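Enquirer:
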Amino acid sequence: MRRYLMQYGSLLVIFLFVLAGCGSPTLRSAGSQTNVAPALWQVTSGASDVYLFGSFHSLPSSIKWYGGPIADAFEAASELVVESVDSPEEARNALLLLESKALLPDGKTLDEYVDEETFTELMESADKLGLSRWRVSRSQPWFLSIMFAYEGMSQVGIHKEYGVDSLLEQTAAQRRMKISGLETAAEALDTLASQPLKI
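Under numbering that gives the first Met the number 0, the first residue of the sequence shown is numbered 0, with each subsequent residue one higher.
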């Protein structure tokens, strides 16, 4: 287990950064001069209003989405429900799951599960993204997709700290608003990790 942490330390840091949404942007910065108008649905039952808002976990800083009906709904809300709540405990639980499930079985490498052309493309992608070929070759496909997506988005300026969830959750916490999650990060990862290697 310790060897795993040493070998995968940087990748785990990357994942935890994605999970925890480290950064300094604020909700206010996402609302100055809005340049997009995301869809918002309202469901009313008696005196209760529920707003449904599909969000992006990561965005470029240039996307200004917080304004109009979305801002009005959030300002009036008493509870924020997100996919999974960011917390140190959630990060620890996700890390424990990664320790046990992010790698292929002992001695196995990705080229044993994909054809030669696909493996070559994966190695070339690893080079372009600055990832270790060895680490990529030992990763489960689901974890590899997370790594590739994170690195690729980062290189074009798309970051978790500008994502809708992070900014809403950060502001809700400052306001002591109730925050609930639909699932835990570990549950989401476990769903990915439970997919068969071969279909």
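Ideal Cβ positions, reconstructed from N, Cα and C, are used throughout, including at glycine. As the structure is a computational prediction, the values presented were derived from the model and not from experiment.
Do G180 and S83 count as a contact pair if the criterion is CB distance below 7 Å?
Expert: Cβ atoms of S83 and G180: closer than 7 Å.
Enquirer: What do you get for E89, buried or exposed, if any count of 16 or more other CB atoms within 10 angstroms of its CB means buried?
Expert: The residue is buried, with at least 16 neighbouring Cβ atoms inside 10 Å.
Enquirer: Please go through the segment 51-99 and give each complete alpha helix (DSSP H) segment of 4 or more residues, from N-terminal end onward.
Expert: If we require 4 residues or more, the alpha helix (DSSP H) runs fully inside the segment 51-99 come out as 67-75.
Enquirer: Which class does L196 belong to by DSSP, given the choice of helix, strand or coil?
Expert: DSSP places L196 in coil when its eight states are reduced to three.
Enquirer: So for K127, helix, strand or coil by DSSP?
Expert: K127 falls in the helix class under three-state DSSP.
Enquirer: Does the segment 72-86 come into contact with the segment 166-180, if we say contact requires no fewer than three beta-carbon pairs (one atom in each stretch) closer than 8 Å?
Expert: Contact between the segment 72-86 and the segment 166-180 is present, because at least three Cβ pairs lie under 8 Å.
Enquirer: Can you tell me whether DSSP reads S31 as helix, strand or coil?
Expert: Three-state DSSP puts S31 in coil, outside helix and strand.
Enquirer: Measure the C-alpha to C-alpha separation of I62 and A171 and round it to an integer number of angstroms.
Expert: Near 20 Å, if we compare the C-alpha coordinates of A171 and I62.
Enquirer: Would the beta-carbon of G162 fall within 7 Å of that of F55?
Expert: Closer than 7 Å, so yes.
Enquirer: Taking the straight line between their C-alpha atoms, what separation do you get for W64 and S165?
Expert: About 13 Å.
Enquirer: Give me, in chain order, the residues of the same chain whose beta-carbon lies closer than 7 Å to that of F73; leave out the 5 immediate sequence neighbours on both sides.
Expert: The answer, listed in chain order, is L167.
Enquirer: Using three-state DSSP, classify S44 as helix, strand or coil.
Expert: Residue state, collapsed to three classes: strand.
Enquirer: Let me know if A125 comes out buried or exposed under the rule of 16 or more other beta-carbons within 10 Å of its beta-carbon.
Expert: Label assigned to A125: buried.
Enquirer: In whole angstroms, what is the alpha-carbon distance linking P24 and D114?
Expert: Each residue's alpha carbon lies about 43 Å from the other.
Enquirer: Would you kindly check if the distance between the Cβ of L103 and the Cβ of R137 is under 7 Å?
Expert: Cβ distance < 7 Å, so R137 and L103 count as in contact.
Enquirer: Beta-carbon within less than 8 Å of F215's beta-carbon, same chain only, minus the 5 sequence neighbours each way: which residues are those?
Expert: What is shown of the chain runs 0 to 198, which leaves residue 215 out entirely.
Enquirer: Thinking just about the alpha-carbon of each residue, which of A75, Q32, K100 is nearest to the one in A187?
Expert: Of A75, Q32, K100, the residue nearest in Cα terms is K100.
Enquirer: Enumerate in chain order the residues of its own chain whose CB-to-CB distance from F14 is below 6 Å, with the five nearest sequence positions on each side excluded.
Expert: Its pLDDT being 44, under 50, F14 is placed unreliably by the model, and the measurement read from it follows with that caveat. Once the five neighbours on either side are set aside, F14 has no close Cβ partner at all.
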